[in-house]
Amino acid sequence: MQLHDVWFVLIAVLWIGYFFLEGFDFGVGVLTKLLARDRKERRVLINTIGPVWDGNEVWLLTAGGATFAAFPDWYATLFSGFYLPLLIILLCLIVRVVAFEYRHKRSGERWQTNWEHVLFWSSLLPAFLWGVAFANIVRGVKIDADMEYVGNFFDLLNPYALLGGLVTLTLFTFHGTVFTALKTVGDIRVRARKLALVLGAVTAVLALVFLIWTQIESGDGTSLVAMIVAALALVAAIALIAAGREGWSFALSGVTIAAAVAMLFLTLFPNVMPSSLNEAWNLTVTNASSSPYTLKIMTWCAGIATPVVLLYQGWTYWVFRKRIGTQHIAADAH
């Protein structure tokens, strides 16, 4: 295995980490409208992810930076061709930060309601658009001989990609609902369990159709194994949340995300962005990568920095591991 292959795997791991972690806080953001009945319950939901949501986004920055450094042609084609959906995601992430920070700055009902709307939509849209983007990467897009995307925005809104968006939206929301059941006490925990069962069933149907479609179109033996793992983990997660085992259910919903993303990257390799116009114009780990010297330097830097980041983030989750409920929210809290 050469360094460009190693970095393809590492970038896949970074995206898995991002979707595992950011997935549940996107889901919690969506739940502020689906699950919370009043402002105090919305505050509980926000507090479950308050200490960790910004650290989760580090995985996205690292994945983007690693792609830029290790596969500059992939980065250039991806970010120019998918400019509009990625811009929407970026704007959502920016205003989502503002919503977290500004919602409680004033006690007025209209002020807080408006920021709660922003939080909901800025969580829902990225959860959907990430699925659209990755489905298009796997399916292949219009790339010419100069490694340039020559399609338009509406080419990205094909049935396969839209289904991929629905899968990530429902899967992240299910993941967030299980996380909510794991992190809360009282009535909101009970309702989260019930909602997780409904969301889990919807997710299972959509995900099964999408994964089978992917396997038929471009899968092989290794991607089939990943698909089976994802399906079994999702079924087990639903069964465990029904039994009240939120911790194990959350772990297995994370395994579902990890296996599903791994399947997408397995169907891609050795391509990083297939061309739907001509297979000879595919971007691959070979023709889109940086020089071996650059990859070598990156490998040393990643080997030193990654353990530190993982230890720090793990410590953060350990410190803020306790459950919360409405009784922990002060009466005058916004």
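Counting in the numbering used here, the sequence shown runs from 425 upward without gaps.
Ideal placement from N, C-alpha and C gives every residue a C-beta, glycine not left out.
Which residue's Cα is closest to the Cα of residue i: the options?
| i | options | result |
| --- | --- | --- |
| E465 | D611, A704, N711 | D611 |
| L656 | I640, L676, W672 | L676 |
| D412 | D644, V591, G505, V437 | This structure cannot settle anything about residue 412, because the visible part of the chain is limited to 425 through 758. |
| S546 | A490, A523, M687 | A523 |
| R520 | E572, A712, V556, G474 | G474 |
| A663 | A628, L508, L514 | A628 |
| T691 | L658, T608, C725, T646 | T646 |
| L502 | I652, E641, L580, L658 | L580 |
| V609 | G643, E670, Y741, W431 | E670 |
| M687 | L458, G643, V482, G489 | G643 |
| E641 | A559, Y741, A460 | A559 |
| G678 | L658, D462, E525 | L658 |
| T486 | Y741, A726, V743 | A726 |
| L484 | N538, A500, E525, W554 | W554 |
| W431 | S699, L734, Q737, F689 | F689 |
| P509 | G589, V733, A650 | G589 |
| S699 | W672, I561, A667 | I561 |
| H528 | V743, G738, V433, R463 | R463 |
Exposed or buried, which one is residue i when buried takes at least 16 other CB atoms within 10 Å?
| i | result |
| --- | --- |
| I721 | exposed |
| T456 | buried |
| P731 | exposed |
| K746 | exposed |
| V614 | exposed |
| N702 | exposed |
| W536 | The sequence given here places Gln at residue 536; Trp does not occur at that position. By the neighbour-count rule (16 or more Cβ atoms within 10 Å), Q536 is buried. |
| R563 | buried |
| E572 | exposed |
| V696 | buried |
| P694 | exposed |
| G451 | buried |
| S713 | buried |
| V565 | buried |
| L635 | buried |
| P550 | buried |
| V556 | buried |
| E540 | buried |
| A729 | exposed |
| L491 | Note that residue 491 corresponds to Thr in the displayed sequence, not to Leu. By the neighbour-count rule (16 or more Cβ atoms within 10 Å), T491 is buried. |
| C516 | buried |
| S715 | exposed |
| R530 | exposed |
| R534 | exposed |
| L511 | exposed |
| L735 | exposed |
| I748 | buried |
| L667 | This sequence places Ala at residue 667; Leu is not what is there. With fewer than 16 Cβ atoms within 10 Å of its Cβ, A667 is classed as exposed. |
| A704 | exposed |
Compute the distance between the beta-carbons of residue i and residue j, then report whether it is under 8 Å.
| i | j | result |
| --- | --- | --- |
| V542 | L587 | no |
| F544 | F448 | no |
| D429 | V709 | yes |
| G600 | V468 | no |
| F552 | T597 | no |
| E405 | N471 | Because the chain here runs from 425 to 758, residue 405 falls outside it and cannot be looked at. |
| L719 | A436 | no |
| F674 | L595 | no |
| Q639 | L630 | no |
| L707 | D570 | no |
| A616 | L459 | yes |
| V482 | Y741 | no |
| L427 | T723 | yes |
| W637 | Y717 | no |
| I652 | G624 | no |
>> Does the structure place the region 677–694 close enough to the region 435–444 that three or more beta carbon pairs sit under 8 Å?
In response: yes
> Is the number of C-beta pairs between the region 576–587 and the region 607–624 that are closer than 8 Å three or more?
Replying inline: no
> Which full runs of the beta strand (DSSP E) of 3+ residues lie inside the region 518–589, going along the chain?
Replying inline: none
> Which runs of the alpha helix (DSSP H) fall wholly inside the region 461–525 and span at least 4 residues, in chain order?
Replying inline: 463–473, 477–480, 482–494, 496–505
> In chain order, which alpha helix (DSSP H) runs of at least 4 residues are fully inside the region 637–695?
Replying inline: 645–666, 670–692
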